[in-house]
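Written out below as C-alpha cells is the structure these notes cover.
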Amino acid sequence: MSNNQSGAQTPELSRDTVIIRTSIIGILANVLLAAFKAAVGIASNSIAVVLDAVNNLSDALSSIITIIGTKLAGKLPDKKHPLGYGRIEYLSAMIVSGIVLYAGITSAVESVKKIIYPEKPDYSVVSLVIIAVAVAVKIVLGRYVKAKGEEVNSGSLIASGSDAMFDAILSASVLACAIIFKVTGISLEAFVGVAISVIIIKSGVEMMIETLNEILGERADKETTDHIKRLLIEEEEVRGAYDLIMFNYGPDKNLASVHLELPDTMSVREVDRLTRKLERKVYRETGIVLVAVGVYSYNTGDNEAGRIQKDVYERVMAHDWAVQVHGFYVDVEAKEMTFDVVLSFDIQPKEALAILYEEMQKAYPDYKISIAPDVDVSVTQL
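For the sequence shown, our numbering gives the first residue as 8, with consecutive numbering after it.
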C-alpha cells in the first residue's frame with residue numbers, strides 16, 4: 008500500500024498548488040469587489056449593496072480557509088496519522104459553511120431592520136456601473152474557479168465557482184432594484200436584502216449538510232463500485248465480487264476492501280498471485296487502493312451442492328428484505344453449510360437471522376448452518 012500512496016504524491020502536490028493559486032485569485036477578486044460594493048452601498052444608503060459586499064467578504068474568508076485546509080490536508084502521513092490528513096479538507100469546509108450561515112443570518116437581521124425603519128437609497132450612475140462590472144467579474148470568476156475545481160477534482164473549488172455564479176445573479180438583482188428605483192422611485196432594497204439573506208442561509212445549511220454527510224460516510228458512488236467490480240470479475244477465476252466497502256480519507260484518497268468468490272480448487276499461492284494482480288489493476292484503473300481482499304470458495308464438480316445452493320437461494324430471496332446471497336459453500340459429507348446474506352435497512356439483522364436460521368434448520372435439519380449478515384453498503388448488483 009505504501010508504494011501506491013507514495014506514487015500518488017506528485018499529482019497531489021500539483022492539485023494543492025492549483026487549489027491554492029485559484030483560491031488566491033478568488034480572494035483578491037472578492038476583496039476588491041467587497042471594497043467597491045461597500046463604498047457604493049454606504050454612499051447610496053443601499054442595504055442590498057452593503058449585504059452583497061458582506062457576501063463577497065465571506066467568500067474571500069472561505070477561500071482563505073480553503074487554502075489553510077488544503078495546506079494542512081496535504082501533510083505527509085506520519086506515525087500518529089498513517090493515512091494522512093486529507094479529511095481536514097472536510098473540517099475546513101464545515102467552517103466555511105458556518106461562515107456562510109452566519110453571514111446569511113446577520114444579513115437577514117439587518118434587512119428586516121431596514122424594512123421596519125426604511126431609508127431611501129440614492130444611486131449615482133457611477134454606482135450602477137460599478138455594480139454592473141461586479142456582475143461581469145463574478146461570472147468570469149465563477150466559470151474560472153469551477154473549471155479549475157473540475158480539473159483537479161476539488162469539491163471546495165467547484166462549490167466556490169458555483170457560489171460565485173450564484174452571487175452574480177444576486178448582484179444582478181440588486182442592480183435591477185437600483186434601476187427600478189431610479190425609474191419609478193419604488194425602493195425594493197430591504198425586501199431584496201431579505202431574499203438574498205434567505206438564499207445565503209439556504210446555501211450555508213446545504214453546505215453544512217453535505218459536509219456532515221462526507222464526514223459521517225456516504226454510500227459509495229454506484230458508477231465507481233460497478234467499475235471496480237467489473238475489473239475484478241474480468242479475471243477468469245473470479246465468479247463474483249461482493250461486500251465492496253470504500254474508505255475515504257480525503258478527496259481522491261480512497262481505500263477499499265472486497266470479497267471475491269473463487270473456486271475451491273485454488274491453492275493459497277494461486278490466490279495470493281491473483282489478489283496482488285487485482286490490487287495493481289484496480290489502482291491503475293481507478294486510483295483506489297485495495298487494502299483487503301477476502302475470499303469465498305464455491306463448490307466445483309458437485310451436483311448435490313449445486314441443487315442445495317439453488318434451493319437455499321430461492322428460500323432466502325423469497326423475503327423482500329434479502330438483497331443478495333453470496334459466499335455459499337456446502338460440504339455434503341461433513342453436513343456443513345455457510346453463506347452470507349445482504350440485508351436491506353428495513354429489518355434488524357437479529358430478526359432476519361432468527362427467521363433464516365429457523366427456515367434453514369427445518370429444510371436441512373442434519374446440517375450445521377452458519378449465516379453471516381452483511382450491510383447493504385454499496386449497490387450489490389452490477
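Glycine included, each C-beta is placed from N, C-alpha and C at the ideal position.
List the endpoints of the continuous alpha helix (DSSP H) containing residue i.
i	result
Lys86	No alpha helix (DSSP H) holds Lys86; DSSP gives it neither H nor E.
Lys284	Val275 to Thr293
Asn310	Asn310 to Met324
Gln355	First-last for Gln355: undefined, no H or E at that position.
Gly149	Val132 to Val159
Lys236	Lys229 to Ile240
Three-state secondary structure (DSSP) at residue i?
i	result
Phe43	helix
Asn261	strand
Ala100	helix
Ile193	coil
Leu90	coil
Asn52	coil
Asp174	helix
Gly168	helix
Glu243	coil
Tyr364	helix
Pro372	coil
Lys127	coil
Gly211	helix
Glu217	helix
Leu389	Only weak support exists for where Leu389 lies, its pLDDT of 49 falling under 50; the value from the coordinates is given anyway. Coil, per DSSP.
Glu225	coil
Ser21	helix
Is the beta carbon of residue i less than 8 Å from the beta carbon of residue j?
i	j	result
Asn63	Leu83	no
Ile362	Val337	no
Val245	Leu239	yes
Glu286	Leu297	yes
Gly156	Ile165	yes
Ile95	Leu68	no
Phe43	Ile122	no
Ile235	Thr293	yes
Gly257	Gly76	no
Val56	Val181	yes
Ala110	Ser163	no
Val384	Arg226	yes
Asp347	His333	yes
From the DSSP output, which residues share a beta bridge with residue i?
i	result
Thr345	Tyr336 and Ser377
Pro270	Tyr305
Val296	Leu262
Asp350	First, the amino acid is wrong: residue 350 is Leu here, not Asp. BP columns for Leu350 point to Ala329 and Val382.
What residue does the beta strand (DSSP E) around residue i start on, and which one ends it?
i	result
Phe249	First, the amino acid is wrong: residue 249 is Tyr here, not Phe. Looking at the DSSP string, the run of the beta strand (DSSP E) that includes Tyr249 is Gly247 to Asn255.
Report the CB separation of residue i from residue j in whole angstroms; it is logged as a contact under 8 Å.
i	j	result
Ala263	Ile295	5 Å
Ala185	Leu135	6 Å
Pro380	Pro356	4 Å
Ala175	Gly149	6 Å
Ala141	Ser204	Contact doesn't hold; Cβ gap of about 19 Å is too wide.
Val300	Val265	6 Å
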